[in-house]
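Contents: one structure, followed by commentary.
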Amino acid sequence: MPLRDFLVMKLDRVSRQQIHKTFQEAFSDYVMDMSSLTEERLLVRSAKNGVDWEASVGAFDGERMVGFTLIGIDEWQGGMGAFDAATGIVPDFRGQGLASAMFEHALPGLRNRGVETFVLEVIKDNESAIRAYRKAGFEISREFKCFELQVAELRSGPSDADSFQIRPVDRHVVSSLAECAEWPPSWENSFAAIDRLQDELIVVGAFDEDKCIGAAAYTPLFNWVLTILVDPSHRRQGVGSALMGELVRSLPREVEAVRLHNVEATDDGMLGFLSGLGFEPLVDQYEMTRPV
301 MPLRDFLVMK LDRVSRQQIH KTFQEAFSDY VMDMSSLTEE RLLVRSAKNG VDWEASVGAF
361 DGERMVGFTL IGIDEWQGGM GAFDAATGIV PDFRGQGLAS AMFEHALPGL RNRGVETFVL
421 EVIKDNESAI RAYRKAGFEI SREFKCFELQ VAELRSGPSD ADSFQIRPVD RHVVSSLAEC
481 AEWPPSWENS FAAIDRLQDE LIVVGAFDED KCIGAAAYTP LFNWVLTILV DPSHRRQGVG
541 SALMGELVRS LPREVEAVRL HNVEATDDGM LGFLSGLGFE PLVDQYEMTR PV
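In terms of this note's numbering, the sequence shown opens at residue 301 and continues consecutively.
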């Protein structure tokens with residue numbers, strides 16, 4: 301079907317129900333099972349990622365929505381950035397240039413908003429998508445690793461350490477520890493994303509007397525550990541393990557495993573820490589960027 305038969309338009313006037321229906325169609329054969337992403341979860345995740353519905357675009361075959369690109373806008377590494385929170389094409393309509401058409405349709409509006417960099421994440425094994433993104437001007441900026449942890453053993457471990465205390469804290473404590481991060485978090489796990497998250501968070505902090513020396517945050521809606529941060533002066537003292545132990549002990553008994561996404565592949569210290577806790581590799585991703 302020629303591209304001229306499709307209508308590409310902004311999504312600000314498209315129902316969220318229609319967007320979710322197309323999302324499920326587009327990701328029905330995805331490498332990871334996305335069937336659990338209900339309309340509510342899609343909207344919460346979109347809010348977390350700063351999705352701007354006027355900046356986001358969809359492709360239509362008549363009245364049927366057959367593709368979309370959900371675009372978040374926020375500050376990003378010193379400038380304004382845009383994030384491809386999700387791009388999907390219904391299987392029967394792939395290979396017809398829709399992804400490129402939607403991206404080109406979105407660019408003028410992003411430039412008008414002062415966006416300088418476009419960011420996306422793609423599974424490392426998705427070679428066809430990576431080739432398409434390279435053709436569109438994207439280059440790999442980072443490699444991320446994603447993990448899953450069976451929580452039974454950690455849940456049954458000791459509840460605290462002798463030299464510090466672990467207790468629930470407000471979400472703002474996470475951003476107060478931003479300088480403890482060894483690398484900028486991915487867009488999905490950024491401090492701004494944690495602040496925007498509409499879901500009830502579980503956040504635990506580690507304290508040496510009155511000083512917060514670490515924190516971990518978890519979202520029940522997605523079953524993700526969003527971040528684990530420990531002050532450099534208190535690392536290798538069991539702080540991170542105690543944080544994770546307290547976090548999993550606070551979860552309902554029916555939660556058997558949790559996931560942690562987007563750990564920078566160059567952070568050997570973090571990777572060793574996660575391996576020691578029992579995290580198992582789930583999938584690897586690339587972060588890719590291009591100028592707008």
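Quick reminder that beta carbons are idealized off the backbone N, C-alpha and C, glycines included.
>> Does the structure place the stretch 333-353 close enough to the stretch 389-403 that three or more beta carbon pairs sit under 8 Å?
In response: With fewer than three CB-CB distances shorter than 8 Å, the stretch 389-403 does not count as touching the stretch 333-353.
> Taking all protein chains shown into account, do 16 or more other C-beta atoms lie within 10 angstroms of the C-beta of V592, making it buried, or fewer, making it exposed?
Replying inline: Taking the sequence shown and counting its residues from 1, one reaches residue 592 at position 292. Taking a 10 Å sphere around the C-beta of V592, we find 16 or more other C-beta atoms and assign the residue as buried.
> Roughly how many whole angstroms lie between the Cα atoms of L307 and W524?
Replying inline: Counting from one through the sequence shown, the residue named residue 307 turns up at place 7. Counting from one through the sequence shown, the residue named residue 524 turns up at place 224. Those two C-alpha atoms are separated by around 36 Å.
> What does a CB cutoff of less than 7 Å around V577 pick up in its chain, not counting 5 residues either side in sequence?
Replying inline: As a working note, residue 577 is residue 277 in the sequence shown. In the sequence as displayed, the identity of residue 577 is Leu instead of Val. The residues are L449, L454, S541 and M544.
> Excluding the five sequence neighbours on either side, which residues of its own chain have a C-beta within less than 6 Å of the C-beta of W487, listed in chain order?
Replying inline: Position 187 of the sequence shown holds residue 487. Once the five neighbours on either side are set aside, the close Cβ partners of W487 are F383 and V419.
> Taking the continuous beta strand (DSSP E) assigned at L560, which residues delimit it?
Replying inline: Along the sequence shown, read from residue 1 onward, the residue named residue 560 stands at position 260. Run containing L560: A557 to E564, per the beta strand (DSSP E) assignment.
>> Per the DSSP calculation, W524 is bridged to which residue(s)?
In response: The residue given as residue 524 occupies position 224 in the sequence shown. Paired residues: T519 and R559.
>> Please classify H472 as buried or exposed, where buried requires at least 16 other C-beta atoms within 10 Å of its C-beta.
In response: Counted from its first residue, the sequence shown places residue 472 at position 172. Residue burial annotation: H472 is exposed, with fewer than 16 other C-beta atoms found within 10 angstroms of its C-beta.
>> Runs of 3 residues minimum, wholly inside the stretch 355-393: which ones carry the beta strand (DSSP E) assignment?
In response: Segments of the beta strand (DSSP E) lying fully in the stretch 355-393: 357-361, 364-376 and 379-389.
> Going by DSSP, what residues sit across from I440 in a beta bridge?
Replying inline: If you number the sequence shown from 1, residue 440 lands on position 140. For I440, DSSP records a beta bridge to M588.
> Would a C-beta distance cut-off of 8 Å place L609 and I494 closer than the cut-off?
Replying inline: The structure shown has nothing for residue 609, since the chain only spans 301 to 592.
> At a cut of 8 Å, does the stretch 309-323 reach the stretch 366-382 through at least three beta carbon pairs?
Replying inline: The stretch 309-323 makes contact with the stretch 366-382; the number of CB pairs closer than 8 Å reaches 3 or more.
> When DSSP labels each residue in this structure, what does V280 get in the three-state scheme?
Replying inline: Any answer about residue 280 is impossible in this case: the structure gives the chain only from 301 up to 592.
> Exposed or buried, P485, counting other C-beta atoms within 10 Å across all chains shown (16 or more means buried)?
Replying inline: For the purposes of this step, residue 485 is identified with residue 185 of the sequence shown, where counting begins at 1. Classification for P485: buried.
> Could you give the distance in angstroms between the alpha-carbon of L410 and the alpha-carbon of S315?
Replying inline: What you label residue 410 is simply residue 110 of the sequence shown in a count that begins at 1. What you label residue 315 is simply residue 15 of the sequence shown in a count that begins at 1. Inter-residue distance for L410 and S315 is about 22 Å (C-alpha atoms, whole angstroms).
> Alpha carbon to alpha carbon, what distance is there between I528 and T589?
Replying inline: As a working note, residue 589 is residue 289 in the sequence shown. As a working note, residue 528 is residue 228 in the sequence shown. Roughly 25 Å separates the two Cα atoms.
> Would you call the stretch 473-482 and the stretch 371-380 touching, i.e. three or more CB-CB distances under 8 Å?
Replying inline: Output reads no: the stretch 371-380 does not touch the stretch 473-482.
> For S476, which residues from the same chain have a beta carbon less than 8 Å from its beta carbon, with the 5 sequence-adjacent residues on both sides left out?
Replying inline: As a working note, residue 476 is residue 176 in the sequence shown. Closer than 8 Å at the Cβ level, and outside the excluded window around S476, lie C512.
> Pick from V469, A492 and Q465: whose alpha carbon is nearest that of D508?
Replying inline: As a position in the sequence shown, residue 508 is number 208, starting the count at 1. For D508, the closest of V469, A492 and Q465 by C-alpha to C-alpha distance is Q465.
> For E546, does the count of other Cβ atoms within 10 angstroms reach 16, so buried, or fall short, so exposed?
Replying inline: Here residue 546 corresponds to residue number 246 of the sequence shown, with the count starting at 1. In summary, E546 is buried, with 16 or more beta-carbon neighbours lying within 10 Å of its beta-carbon over all protein chains present.
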